[in-house]
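Encoded as structure tokens, the structure appears first; notes follow it.
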Amino acid sequence: MPKVKIPRKSTLIDMTAMCDVAFLLLTFFMLTTQFKSDESVIVDTPSSISEIKLPDTDILNITITKDGKIFFSIDNKNFTREKLLAKISEKHPELQFDGREEKAFVLTGSIGVPLNQLKGYLALDESDRKMYQQPGIPVDSTNNELGDWIMQGRLSNPGVRITVKGDQGCPWPVVKKVMNTLQDKNVNKFNLITDLEADPNKLKGI
Amino acid sequence: MAELEQKQAGGKKGKKKGRKKMSTRIDLTPMVDLGFLLVTFFMLTTTFSKPQTMEINLPVKPKGEVKEEDQNSLKASKAFNIILGKDNKVFWYLGLANEPIEGPIETNFSAEGIRKVLQEKNASIKDMVVLIKPTNDAIYKNVVDILDEMNISNIKRYALVDIAKEELDLIKNIN
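Going line by line, the protein sequences match chains Y and H. For the first sequence, my numbering gives the first residue as 942, with consecutive numbering after it. For the second sequence, my numbering gives the first residue as 4, with consecutive numbering after it.
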């Protein structure tokens, strides 16, 4: 009995189209990507319905962790960080930084050490610096270094926008201290970084 | 695809003479693999959404002594006070701490809680001013939530105020 021959179809598929798509996406992501900055602290921000987006540059950020430690960071547009460090050592003549420490300051993320420990912190290796438990910037009324940082940060980049990124669980007195410090430095308008939450008024409309 | 067809057309193996025609087709599978691997990598490392922010304006700190008559006095009947306590507790009262017109009443952050009260009071009291008073036991989330409630209920006049001792006593009695 003759077998009915089914013509065998090739299992090979033309990959060209798929390849095109893959590389198109790849190009897109490569061009739009912005790498997550490696934050030395993890902060879980509260959510709000506010939809104002934050710009990428001209940001002076104050981070408050869950246990109430305060960190300071500023973006490095137009060499703001170099200027800032120069201003700091100008104001505190006992703090002089060498080239290596300056470079470390520019590259590092958030700063959370008191000024007298800053030099030692910057002198650490990069990997050691990541492991180092930063104690936070003091904001006590007798020794308010955060005020100094804000002041010098604004002098280094006058167009800077100040943001506060607090953890959900951080105690209110710490936030109040930060806000009072900002008010003392005549910063009366600033942004709180939050996650997005659905607006119940808009939900009703659906 | 093409390779296979060529073989079928060629008939038996080994009989063909001369140079073998090489297919110009390349197997693109590894290239696609690589492409998608990189796509995945960039997709995971990218931060698409910029963080949202909430803008707040604090009043300018007065310099020197403030005279009594310079301060904006507020009618007691229009002052709606919110106290943020320990463990996400919210208390509200209307009027002054030593003689509250209504309250103090404990509530919570749900839609049926403080939001309902705020919307009712905002509709019934003209020019209501909300005074937000976080205690030292409150956490940052509570304050952001309450500021958010102001936006949700579209209340324009509100202020963050330090808590007074009488108010602490007031909420102590509820617990």
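Beta carbons: idealized from backbone N, C-alpha and C, even for Gly.
| Check | Outcome |
| --- | --- |
| Environment of P1034 of chain Y [buried if 16+ CB atoms lie within 10 Å] | exposed |
| Members of the region 29–52 of chain H near chain Y, C-beta cut-off 7 Å | L31, T32, M34, V35, G38, F39, L41, V42, F45, M46, T48, T49, T50 |
| Inter-residue spacing [alpha-carbon to alpha-carbon] between G1094 of chain Y and D1066 of chain Y | 25 Å |
| Cβ of D989 of chain Y within 8 Å of any chain H Cβ | Note on residue identity: the sequence assigns Ser, not Asp, to residue 989 of chain Y. Closer than 8 Å: yes. |
| Separation of L1144 of chain Y from K1130 of chain Y, as counted between CA atoms | 30 Å |
| Bridge-paired residues (DSSP) for W95 of chain H | H:I85, H:I108 |
| Partners in chain Y for T56 of chain H, counting only beta-carbon separations shorter than 8 Å | S991, I993, K994, L995, T1104, N1132, L1133, I1134, T1135 |
| Endpoints, the alpha helix (DSSP H) within which Y1073 of chain Y is located | Looking at the DSSP string, Y1073 of chain Y is not in any alpha helix (DSSP H), and its letter there is neither H nor E. |
| Backbone secondary structure at R1102 of chain Y - three-state DSSP | strand |
| Contact under 8 Å by Cβ, Q55 of chain H with S1051 of chain Y | no |
| Three-way DSSP call (helix, strand, coil) for D961 of chain Y in this model | helix |
| Nearest-angstrom Cβ-Cβ length linking M2 of chain H and T1135 of chain Y, presumed shorter than 8 Å | It is not possible to answer for residue 2 of chain H, since the shown part of chain H is limited to 4 through 178. |
| Min CB distance L1087 of chain Y to chain H below 8 Å | no |
| Classification of I142 of chain H by the beta-carbon crowding that lies within 10 angstroms, buried from 16 upward | buried |
| Chain-order list of residues whose beta-carbon lies under 8 Å from that of A1064 of chain Y (same chain, five-residue window excluded) | R1041, E1042, A1045 |
| Option nearest W95 of chain H by Cα separation, candidates H:E102, H:I104, H:E109, H:N101 | H:E109 |
| Residue-level contact to chain Y via CB, V93 of chain H, 8 Å cutoff | no |
| Status (buried if at least 16 other CB within 10 Å, exposed otherwise) for M1058 of chain Y | Note that residue 1058 of chain Y is Gln in the sequence shown, not Met. Exposed, by the Cβ-count rule. |
| N- and C-terminal bounds of the beta strand (DSSP E) containing T56 of chain H | 55–60 |
| Heavy atom of the ligand MN within 7 Å of L41 of chain H beta-carbon | Ligands displayed in this structure: none; no statement on the ligand MN is therefore possible. |
| Extent of the continuous alpha helix (DSSP H) to which P33 of chain H belongs | 32–48 |
| Spatial neighbours of K89 of chain H in its chain, beta-carbon cut-off 8 Å, leaving aside the 5 residues before and after | T138, D140, A141 |
| Exposure label - I954 of chain Y; buried when at least 16 CB within 10 Å | exposed |
| Test: N1084 of chain Y CB closer than 8 Å to a CB of chain H | no |
| Within-8 Å CB hit, N1129 of chain Y to chain H | yes |
| Cβ pair count under 8 Å reaching 3, the region 1106–1126 of chain Y against the region 1020–1039 of chain Y | no |
| CB contact below 8 Å: V1101 of chain Y versus chain H | no |
| Simplified DSSP assignment, three categories, for P943 of chain Y | coil |
| Chain-order list of residues whose beta-carbon lies under 7 Å from that of N145 of chain H (same chain, five-residue window excluded) | L87, N91, P137 |
| Close Cβ partners of G116 of chain H (< 8 Å) along its chain, the five nearest in sequence each way excluded | V93, T110 |
| I158 of chain H vs L134 of chain H beta-carbon contact at 8 Å | no |
| Within-8 Å CB hit, M1072 of chain Y to chain H | no |
| Short CB-CB distance (under 8 Å) between A963 of chain Y and chain H | yes |
| Given T59 of chain H as reference, the closest of Y:Q1074, Y:K1032, Y:V1105 once Cα atoms are compared | A small fix is needed here, since residue 59 of chain H is Ile in this sequence, not Thr. For I59 of chain H, the nearest C-alpha among the options comes from Y:V1105. |
| For G106 of chain H and N125 of chain H, the rounded distance between their alpha carbons | 16 Å |
| Contact with chain Y by D151 of chain H, beta-carbon distance below 8 Å | yes |
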